[in-house]
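Visitor: In my numbering, the protein residues as written are 26 to 125.
For every residue, glycine included, the Cβ atom is placed at its ideal position computed from N, Cα and C.
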Amino acid sequence: MVREAVAAIGPTDIRVTKSQVAFRRRTGFAYVWMPDMYLGKGDVPLVLTVGLRRRDDSPRWKEIVEPAPGSFTHHLELRSESDIDGKVCRWLQEAWEQAA
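1) If you follow the alpha helix (DSSP H) that G111 is part of, which residue opens it and which one closes it?
2) In chain order, which alpha helix (DSSP H) runs of at least 4 residues are fully inside the region 28–88?
3) Pick helix, strand or coil for S107, following the three-state DSSP scheme.
4) So W77 and A120 are in contact, right, with Cβ under 8 Å, and what is the actual spacing, rounded?
5) For E102, list the residues DSSP reports as bridge partners.
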């Protein structure tokens, strides 16, 4: 679901590790990971992490952190394919453009 959304935006490198799938251009801009690996058993199968240069205050984000000035990491819980809607695609597009 995320892979298809990112592919529709443009060329992207995909790196798969034991812990995540990273979507990259010059830098990483989106990551999909399983929270059970880190947080214990829960009801959320996947988390989409999106890096933006601004804080997006949508209530859909589970958590937003600023690891460095002007760099915001947004975490979105994914429970079904329908969670990847037009708004998420716009966030991915913005992150993709900033990662060039």
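Guide: This is what the structure holds:
1) For the purposes of this step, residue 111 is taken as residue 86 along the sequence shown, with counting starting at 1. Residues G111 to Q123.
2) 61–64
3) On the sequence shown, residue 107 is found 82 positions in, with the first residue counted as 1. Taken through DSSP and simplified to helix, strand or coil, S107 comes out as helix.
4) Mapped onto the sequence shown, residue 77 falls at position 52. Mapped onto the sequence shown, residue 120 falls at position 95. A small fix is needed here, since residue 77 is Leu in this sequence, not Trp. About 6 Å separates the two Cβ atoms, so the contact holds.
5) Stepping through the sequence shown from its first residue, residue 102 is reached at position 77. According to DSSP, which records beta bridges pairwise, E102 is partnered with V72.
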